[in-house]
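Here's the structure we're looking at; comments come further down.
Number of protein chains: 2
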Amino acid sequence: MATTATYTVSGMTCGHCVNAVTSEISQLDGVTDVNVDLSTGAVTVTSDAPLDDAAVAAAVDEAGYEVVK
Amino acid sequence: MATTATYTVSGMTCGHCVNAVTSEISQLDGVTDVNVDLSTGAVTVTSDAPLDDAAVAAAVDEAGYEVVK
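First to last, the protein sequences are chains A and B.
The numbers in full-length UniProt numbering rise by one with no breaks, and the one at position 11 of the first sequence is 11.
The numbers in full-length UniProt numbering rise by one with no breaks, and the one at position 55 of the second sequence is 55.
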């Protein structure tokens, strides 16, 4: 069953930033969809099973941004 | 002889934007260096011969931004 989780990511300022975050999170096992709202920093991740929040935070960090909550 | 020209580009918000603009302008004939100051939007282009401003503006537009002066 698909599950979704929403994170708030700081530092994204443009479409390139959105692409960078989307690309990194999409590489996590089980992720089927990533949706980013640039204006709010909300990143909604859909996956086959619940994700490890630390793994998501690490992917965001890898892209050069930070999960703030 | 090398010549330099400085343009002001609007809309760049992050390092990805800087890279996009730098990459497009670098592809113009004769360009040897591109330096972008993100905080001011100043883009300084060094080239072997004076550039056609319209060609620079077209390259910036291709990257998704705009020369404002």
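The C-beta atom is built at its ideal place from N, Cα and C for all residues, glycine as well.
- Against chain B, a Cβ distance below 9 Å from A:Ala20 picks out His16.
- In the three-state reduction of the DSSP assignment, A:Asp33 falls in the strand class, which pools E and B.
- Excluding its 5 nearest sequence neighbours in each direction, B:Ala2 has C-beta neighbours in its own chain below 6 Å: Thr46, listed in chain order.
- Relative to the Cα of B:Ala59, the nearest Cα in the group B:Ile25, B:Thr4, B:Ala20 and B:Ser10 belongs to B:Ile25.
- For the pair A:Val21 and B:Ala42, the Cα-to-Cα distance works out to about 27 Å.
- By the rule that beta-carbons nearer than 8 Å mark a contact, B:Thr13 touches chain A.
- Counting C-beta atoms within 10 angstroms of its own C-beta, B:Ala63 has 16 or more neighbours from the protein chains shown and is therefore classed as buried.
- Per DSSP, the continuous alpha helix (DSSP H) segment holding B:Ser26 begins and ends at Gly15 to Ser26.
- Residue pairing of B:Ser39 in beta bridges, as defined by DSSP: absent, with no partner found.
- Taking C-beta separations shorter than 8 Å and ignoring five residues to either side along the sequence, the partners of A:Val18 in its chain run Met12, Val36 and Leu38, following chain order.
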